[in-house]
Amino acid sequence: MMESLLIIGGGLAGCEAAWQASRLGVSITLYEMRPHKFTPAHHTDLLAELVCSNSLRSTSLANAVGLLKEEMMLADSLIMKCAQETSVPAGGALAVDRAKFAERVTEEIVKSSRIKPVREEVVEIPEQRPLIIATGPLTSDHLSNSIASLTGKEYLFFYDAVAPLVTLESINTNLVFRQSRYGKGEAAYLNAPLNEDEYRRFWERLVAAEVNDPRAFERNLFFEGCLPLEVMARRGFDTLRFGPLKPVGLIDPRTGKEPFAVVQLRQDNAAGSIYNLVGFQTQLKWGEQKNVFRMIPGLENAEFVRFGVMHRNTFLNGPQLLQPTLQLRKAPQILCAGQITGVEGYVESAACGLIAGINGARLASGKEPLIPPQQSAHGSLCRHVSASASSNFQPMNINYGLFPPLPGKLPRRLRAQRISERALASWSQFLAKLL
Ligand SMILES: Cc1cc2nc3c(=O)[nH]c(=O)nc-3n(C[C@H](O)[C@H](O)[C@H](O)COP(=O)(O)OP(=O)(O)OC[C@H]3O[C@@H](n4cnc5c(N)ncnc54)[C@H](O)[C@@H]3O)c2cc1C
Numbered sequence: 071m072m073e074s075l076l077i078i079g080g081g082l083a084g085c086e087a088a089w090q091a092s093r094l095g096v097s098i099t100l101y102e103m104r105p106h107k108f109t110p111a112h113h114t115d116l117l118a119e120l121v122c123s124n125s126l127r128s129t130s131l132a133n134a135v136g137l138l139k140e141e142m143m144l145a146d147s148l149i150m151k152c153a154q155e156t157s158v159p160a161g162g163a164l165a166v167d168r169a170k171f172a173e174r175v176t177e178e179i180v181k182s183s184r185i186k187p188v189r190e191e192v193v194e195i196p197e198q199r200p201l202i203i204a205t206g207p208l209t210s211d212h213l214s215n216s217i218a219s220l221t222g223k224e225y226l227f228f229y230d231a232v233a234p235l236v237t238l239e240s241i242n243t244n245l246v247f248r249q250s251r252y253g254k255g256e257a258a259y260l261n262a263p264l265n266e267d268e269y270r271r272f273w274e275r276l277v278a279a280e281v282n283d284p285r286a287f288e289r290n291l292f293f294e295g296c297l298p299l300e301v302m303a304r305r306g307f308d309t310l311r312f313g314p315l316k317p318v319g320l321i322d323p324r325t326g327k328e329p330f331a332v333v334q335l336r337q338d339n340a341a342g343s344i345y346n347l348v349g350f351q352t353q354l355k356w357g358e359q360k361n362v363f364r365m366i367p368g369l370e371n372a373e374f375v376r377f378g379v380m381h382r383n384t385f386l387n388g389p390q391l392l393q394p395t396l397q398l399r400k401a402p403q404i405l406c407a408g409q410i411t412g413v414e415g416y417v418e419s420a421a422c423g424l425i426a427g428i429n430g431a432r433l434a435s436g437k438e439p440l441i442p443p444q445q446s447a448h449g450s451l452c453r454h455v456s457a458s459a460s461s462n463f464q465p466m467n468i469n470y471g472l473f474p475p476l477p478g479k480l481p482r483r484l485r486a487q488r489i490s491e492r493a494l495a496s497w498s499q500f501l502a503k504l505l
């Protein structure tokens, strides 16, 4: 009889895990609760739906997320394959047409002879082993309770934020200009420049605008790397100009000068008809979003196809609960994958699924799970979620600070280059062991 593996959650991590396990000859049952039950952020019945930005971030090896993607491609990642097939122009980043991307992933999963998708909410951790929990930051309440009683640990909750989307035809293209920062890659962004007066009026209105949960910030519900726009704005007049509205590397062709501040808009679908306001994750009330964001020159008539919203994020205290193989210390036949482990981001979640899929397949075949090499990007992520200090454990995007340091002092670019060479060599050896 063929070895079998159960996966709960058909998101980025669950689909990648199923794909990797199927490549290793295991048969998989993949549970996904949509369309019978939706999370607050998912809108479709498609597997691997991207809930917010359409960007899988930098493609450069000078950036750790570029390295992580490179490693995934070497491992024949499903998420990377579908992302490349459905990419849209985004300068030095990999961005996708979100609908086409999720459709392609769904197609591949459905047509795989080894994967059986089941559209049903799992309300309790099943008896079957091995199994992978990949239910993401918005794990349903019933299953959250069941996981909490298994791990014996309390969940930590905080909020992530979604940026609004506007239609291109509603943007006043006489006021915005197309350019990438420092002229890098294709001119993929639309830029709305603000002079000092315009910025001041925008900032004053933004800090006074009505929000949905005014006490969320005091309750420490935000992740420092993903703060709502209005929370950043309240930190000071210039904070946004050094954050999402930074003008550096952008020259307004009408003045030949760098503007006082710039709002960037990034293409969000292949047709190029929808753009997202980069870094504008927000907790403002929807009516307020319309009023405040229409103060941005060029967006005075913006048509919003989706407003920014706030959402819960559920994740485990990984260092207390997980091994670097992504097995639960208490129940080693159960693996966890994706954002629920305490990684942050689409690519990181999928990468985590890749490791869990390999190790889930190994457990199903009676083999020992493997720890990905520490020098690799995958290994660094697994180490972060299993061995960071657990007292103040926070979700983390991949970054070069998570890798074992190199001896001596090197300039930043050279250091990134050396770390990525070392990572790719160790990762290739790891992959060779799987054959
Ligand atoms: C609102 C929001 C915005 C985000 N924006 C970004 C962003 O812009 N860029 C970025 O890189 N990252 C973003 N993230 C973070 C994160 O990377 C993504 O959420 C990512 O999709 C996580 O992948 P995952 O596979 O772990 O979870 P998901 O992709 O969410 O997949 C989990 C799946 O499990 C299903 N599920 C849940 N409970 C059950 C159950 N009991 N039974 C069966 N199925 C279940 C869900 O329906 C879902 O399909 C955002 C997160 C949130 C919450």
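Numbering (my numbering), first residue to last: 71 to 505.
Cβ atoms here follow ideal geometry from the backbone N, Cα and C, with glycine treated the same way.
- In this structure, C452 has its CB at a distance of at least 8 Å from all heavy atoms of ligand 1.
- The beta-bridge partner set that DSSP reports for K186 consists of T99.
- If you ignore the 5 residues before and after P200, its C-beta comes within less than 8 Å of the C-beta of L75, L76, Q403, I404, L405, G430, L433, A434, all in its own chain and listed in chain order.
- Fully contained in the segment 258-284 are the following alpha helix (DSSP H) runs of length 4 or more, in chain order: 266-278.
- In the three-state scheme derived from DSSP, where H, G and I count as helix and E and B as strand, D322 is classed as strand.
- Uninterrupted alpha helix (DSSP H) stretches at least 4 residues long and entirely within the segment 131-209 occur at 134-144, 148-155, 168-181, given in chain order.
- Rounded to the nearest whole angstrom, the CA to CA distance from T99 to S496 is 31 Å.
- Between ligand 1 and E173, a heavy atom-to-CB distance of less than 8 Å is absent.
- Secondary structure note for V413: it is in no alpha helix (DSSP H), with a DSSP letter that is neither H nor E.
- Distance check between G478 and each of I489, V333, K151 places I489 closest, using alpha-carbon atoms only.
- In the structure shown, F385 adopts extended strand secondary structure according to DSSP, grouped into three states.
- Taking a 10 Å sphere around the C-beta of E280, we find fewer than 16 other C-beta atoms and assign the residue as exposed.
- Nearest in C-alpha terms to R399, of all of E256, P439, G306, A372, is P439.
- Set against 8 Å, the gap from the CB of H212 to the closest heavy atom of ligand 1 is smaller.
- The C-alpha of G162 is placed about 11 Å away from the C-alpha of Y252.
- Between A134 and F374, the CB-CB gap reaches or exceeds 9 Å.
- Boundaries of the beta strand (DSSP E) around R127: 125-128.
- Of the other Cβ atoms in all chains shown, fewer than 16 fall within 10 Å of the Cβ of E194; this residue is therefore exposed.
- Beta-carbon to beta-carbon, A447 and L117 are separated by about 24 Å, too far to satisfy the 8 Å threshold.
- Nearest C-alpha to A303 among M143, T352, Q334: T352.
- In the three-state scheme derived from DSSP, where H, G and I count as helix and E and B as strand, A372 is classed as coil.
- Residue pairing by DSSP places A502 opposite no residue, since no beta bridge is assigned to it.
- D146 and Q154 have their C-alpha atoms roughly 12 Å apart.
- Taken from the Cβ of R248, every heavy atom of ligand 1 lies 8 Å or farther away.
- By a beta-carbon distance limit of 8 Å, R189 contacts P105. Their separation comes to about 7 Å.
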